[in-house]
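Below is one structure, written out as structure tokens; the observations come after it.
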Amino acid sequence: MSMVSKFPTGVADPGDVTAVDAATNEEAATASPMAAQSTGSRDADDSASREADASPLVRIRSLLPGLARAEQRVANVVLEDPSSVARRSITEVALAANTSETTVTRFCKAVGVGGYPQLRIALAADTARSQARTSRDLGGEITAADDLSSVVSKVSFADARAVEETAEQLDIATLTRIIDLVANAGRVDVYGVGASAFVAADLQQKLHRIGRVSFSWSDTHIMLTSAAVLKEGDIAVGISHTGATIDTIEALRVAREHGATTVALTNFPRSPITEVADYVLTTAARETTFRSGATASRIAQLTVIDCLFIGVAQRHLDEAVSALDATREAVGTHRLGVRPDGRRRTRDAGK
């Protein structure tokens, strides 16, 4: 069973409220032993605190693709104007979504807020936090009419929000368990294609620099052959924003079949990649006009990768510091003999 950041993983029949309740209860029962194995009481307290602080909109956006069609209409009503929904009755929301009150309640359960009253409270609190965070409306789409100053503001705002919201919903217990596994792995292979390949390469480079045996692959055939030689004690990490990239999913599946522990990093906790992952970490990047350019999603992925890397380095601190010093010295002679302020370095200062 996968460990997933904050989000329910069972998908019940959208027409059966009892099934939803049963799936939620079953997940709670099965998740507890795993969490107990991977973290102490302090981590549990931290996770609970982050759960309370996490935005319900982040949760809804990440679960949207896996919701039933009627529930998706409710989600869209909420996402379009959350502050308004916080003030509206369940009947008004049902009418706006062209569905029933029962479906609204089912939607609330599916996104983990319990019921409609709890959803309204969560949305009201999130609206207050958002208003306190910024008084400018920079969350809109980039249009042809935007001047460069507006583009810079919107891009930086979206990137900053992606980092903040990713950190808020990141499951510390799951991250801790993954750090422990990576720190003690015989080998770590990282898979990603397209823009995710750059993030995979970044993780591999970071791990390699502190002496961890790691490889990153983006070619489908090489990904599969690398996965086929992994074994118990090795780790395979698959990175996919959508969680639906066939190449990455297949590589994780093969790695798992050969005994490796599999980890997925995705924006959507019910996406196909989670079905072949033992552990799942999620980002919280929003879709934008230029999503094809992988902007905020890449920043969010790199945030999680940085947290993972630093956690691993902490597990082997002396070794990591020595390795970083050695690698810094190795490339020191390939830097110009000037300091960032323009003044010339001494002969040994560039190392």
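With the UniProt record's numbering, the residue at position 104 of the sequence shown is 104, and numbering never jumps. C-beta: ideal position from N, C-alpha, C; glycine also. Given the structure is predicted, the values throughout are model-derived calculations rather than measurements.
Query                                                                                                                                                                               : Result
With DSSP as the reference, identify every bridge partner of ASP189, one or two as the case may be.                                                                                 : PHE215 and ALA236
Going by DSSP in three states, GLY114 sits in which element: helix, strand or coil?                                                                                                 : coil
Could you have a look at ASN76 and say whether DSSP puts it in helix, strand or coil?                                                                                               : helix
Specify, as a first and last residue, the run of the alpha helix (DSSP H) that ILE246 falls within.                                                                                 : 246-257
How long is the line joining the alpha carbons of ALA94 and ARG88, rounded to whole angstroms?                                                                                      : 10 Å
From this set, GLY233, SER240 and SER271, which residue's C-alpha is nearest HIS258's C-alpha?                                                                                      : GLY233
Closer than 7 Å by C-beta to residue 353: which residues in its own chain qualify, once you throw out the five before and the five after it? Chain order, please.                   : Absent from the model: residue 353. The displayed extent of the chain is 1 to 351, so no value can be given.
Please report the straight-line C-alpha distance between GLY211 and ALA320, rounded to a whole angstrom.                                                                            : 7 Å
Could you name the residues of the same chain whose beta carbon sits closer than 6 Å to that of ASN25, not counting the 5 residues immediately before and after it, in chain order? : Unreliable positioning characterises ASN25 in this predicted model, as indicated by a pLDDT of 40, which lies under 50. The coordinate reading is nonetheless provided below. For ASN25, where only same-chain residues beyond five positions count, there are no Cβ hits under 6 Å.
So, with DSSP's three-state summary, where would you put GLY332?                                                                                                                    : helix
Can you tell me whether ALA284 is helix, strand or coil according to DSSP?                                                                                                          : coil
Contact check, ILE273 vs THR283 under 8 Å by CB: the rounded distance?                                                                                                              : That pair is no contact at about 13 Å.
Across the stretch 304-320 and the stretch 169-179, are there enough close Cβ pairs to call them in contact, namely three or more that are closer than 8 Å?                         : yes
Using 10 angstroms around the beta-carbon of ARG328, count the other beta-carbons present and answer buried if the total reaches 16, otherwise exposed.                             : exposed
Is LEU119 helix, strand or coil by DSSP?                                                                                                                                            : helix
Check the C-beta distance from PRO56 over to ALA110 and give it rounded, since I have them as a contact under 8 Å.                                                                  : About 12 Å separates the two Cβ atoms, so there is no contact after all.
From the DSSP output, in three-state form, read off ARG87 for me.                                                                                                                   : coil
May I ask you to report which of helix, strand or coil DSSP gives VAL163?                                                                                                           : helix
Anyone know if the C-beta pair for ALA255 and ALA227 falls short of 9 Å?                                                                                                            : yes
Taking the straight line between their C-alpha atoms, what separation do you get for ASP318 and ARG209?                                                                             : 13 Å
Given this structure, state the Cα-to-Cα distance separating ALA145 from SER153, to the nearest angstrom.                                                                           : 14 Å
If we count the other Cβ atoms within 10 Å of its Cβ and call it buried at 16 or more, is THR39 buried or exposed?                                                                  : Its pLDDT being 42, under 50, THR39 is placed unreliably in this model, and the coordinates cannot settle the point.
For the putative contact between LEU224 and ALA251, defined by C-beta atoms under 8 Å, what is the C-beta separation to the nearest angstrom?                                       : 6 Å
Assuming GLN169 and VAL58 form a contact by the criterion Cβ under 8 Å, report the distance between their Cβ atoms to the nearest whole angstrom.                                   : 5 Å
Using only the alpha-carbon positions, how far apart do ASP189 and THR102 sit?                                                                                                      : 46 Å
Sort ALA260, ASP126 and ARG61 by Cα distance to ALA184 and report the nearest one.                                                                                                  : Inspection of the sequence shows that residue 184 is occupied by Asn rather than by Ala. With distances taken between Cα atoms, ASN184 lies closest to ALA260.
May I have the straight-line CA-CA distance separating LEU67 from VAL78, to the nearest angstrom?                                                                                   : 14 Å
What residue range is occupied by the uninterrupted alpha helix (DSSP H) comprising HIS208?                                                                                         : 195-209
Taking the straight line between their C-alpha atoms, what separation do you get for ALA277 and THR262?                                                                             : 5 Å
Would you tell me roughly how many angstroms separate the C-alpha atoms of ARG106 and SER62, rounded to the nearest one?                                                            : 17 Å
With distances taken Cα to Cα, identify the nearest neighbour of VAL163 among THR220, ILE305 and PRO269.                                                                            : ILE305
So SER271 and GLY243 are in contact, right, with Cβ under 8 Å, and what is the actual spacing, rounded?                                                                             : 2 Å
Is any heavy atom of the ligand SAM found at a distance shorter than 8 Å from the C-beta of ILE273?                                                                                 : Here there are no bound small molecules, and the ligand SAM is not part of this structure.
Cα separation between MET34 and GLU80?                                                                                                                                              : Because MET34 carries a pLDDT of 37, less than 50, the predicted location of this residue cannot be relied on, and no value is offered for it.
If LEU230 sits next to ARG187, beta carbons under 8 Å apart, how far is it from one beta carbon to the other, in whole angstroms?                                                   : 7 Å
Is it buried or exposed for SER216, if we count other Cβ within 10 angstroms and need 16 for buried?                                                                                : buried
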